[in-house]
Amino acid sequence: MEKLLAHIKISVNERLYLKDPDTSDLGRKILSRSISMINESGLEHFTFRKLSASLGTTESSVYRYFENKNKLLLYLSSWYWLWLETVIVFSTANILDPLERLKKMIEILSRKRWDNVNGLHQLDLHSLRNVVIAESSKAYLTKEVDEDNKAGLYEGFKQLCRRFEVIFREINPEFKYPNMLASSIVEGVFHQQFLAVHLPVLSNEEIGESFVQDFFTQVSISVLNQTYPSNVSITRK
């Protein structure tokens, strides 16, 4: 599957960039280096001036691709969300049981390490995952959120959540809150993995264990069980 995914182009909303970074070596270097720098020092300390100096180019060259660092962060986050959705689609295509499909989806969402894919982007997926966990909420906790939403800038995140919403409806058509549960799980997995590293007293995650994955799997099944038609349990061994 990894070889197949390496040739899949992730199409990010064109409104997130001024020039498609996929169209040049500099654009791809901007993506790769910005992931490394944001992962290392955080978005607050990341600037296009520092990025351009690291790349040995001019600051204006970076601005030809992205309007500001928030748009760059949203591009990177959207790319990762769309990437995860693509992995989910390919990984669950042959799983007929919707409950088993859900378990696989949560496992993919919770996965801590990915092998890098030598496709168009050649991005460091592990570092990008760290950036998304620590920084992606800053891309929509802004005053421009409504305007950006109308422009479709959060479609990558919404598509990923929609995958979970659909499977919830398939498992339990009577469940009233599939959208809320979907966004809570996607956000919750990332948030708990952040807490496990930085505020561990707020998390039960332990090194080498899959507590986050297990927790959200149990939460999903438990919540869906509560309103399952005819009081039939959906829990399967």
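Residue numbers (my numbering): 10 to 246. We put the CB at the ideal spot given by N, CA and C, even for glycine.
Is there contact here, the segment 110–122 with the segment 62–79, by at least three beta-carbon pairs under 8 Å? no
Can the beta-carbon of T226 be found less than 8 Å from the beta-carbon of K112? Yes, they are a contact pair.
Buried or exposed: where does T67 fall if 16 or more other Cβ atoms within 10 Å of its Cβ makes it buried? Within 10 angstroms of the beta-carbon of T67 lie fewer than 16 other beta-carbons, which makes it exposed.
What is the DSSP secondary structure of N22, counted as helix, strand or coil? coil
Endpoints, alpha helix (DSSP H) assigned at L60: F57 to L64
Given this structure, state the Cα-to-Cα distance separating S20 from Y26, to the nearest angstrom. 12 Å
With 16 as the cutoff for other CB atoms within 10 Å, does S63 come out buried or exposed? exposed
Under DSSP, the alpha helix (DSSP H) around W92 begins and ends at which residues? K78 to T101
Output the distance between the C-alpha atoms of Q168 and L35, rounded to the nearest integer angstrom. Answer to the nearest angstrom: the Cα atoms are 29 Å apart.
How far does the alpha helix (DSSP H) with I194 in it reach, from first residue to last? P187 to H207
Could you check whether the segment 80–94 touches the segment 160–167, counting it as contact only if at least three pairs of C-beta atoms, one from each stretch, sit closer than 8 Å? yes
The alpha helix (DSSP H) spanning V137 covers which residue range? Checking the displayed sequence, the identity of residue 137 turns out to be Leu instead of Val. That run of the alpha helix (DSSP H) goes L134 to E144.
When the Cα atoms are used, what is the spatial distance from D106 to E183? So the two alpha carbons sit approximately 18 Å from each other.
Residue from P187, I180, V175 and V221 with nearest C-alpha to H200: With distances taken between Cα atoms, H200 lies closest to V221.
What residue range does the alpha helix (DSSP H) around N158 cover? V154 to K159
For I194, the nearest candidate out of L233, V210, C170 and R58 (CA to CA): Distance from the Cα of I194 is smallest, within the candidate group L233, V210, C170 and R58, for C170.
Could you check what DSSP says for S70 in three-state terms: helix, strand or coil? helix
If you compare alpha carbons, which of F203, S146 and I230 is closest to P187? I230
For the alpha helix (DSSP H) containing L162, list its first residue and its last residue. Segment: none, L162 is in no alpha helix (DSSP H) and carries neither H nor E.
For my contact list, L60 and S41 are in at a C-beta cut-off of 8 Å; report their separation, rounded to the angstrom. Not confirmed; about 11 Å, so no contact.
Pick from N158, V198 and P30: whose alpha carbon is nearest that of V71? P30
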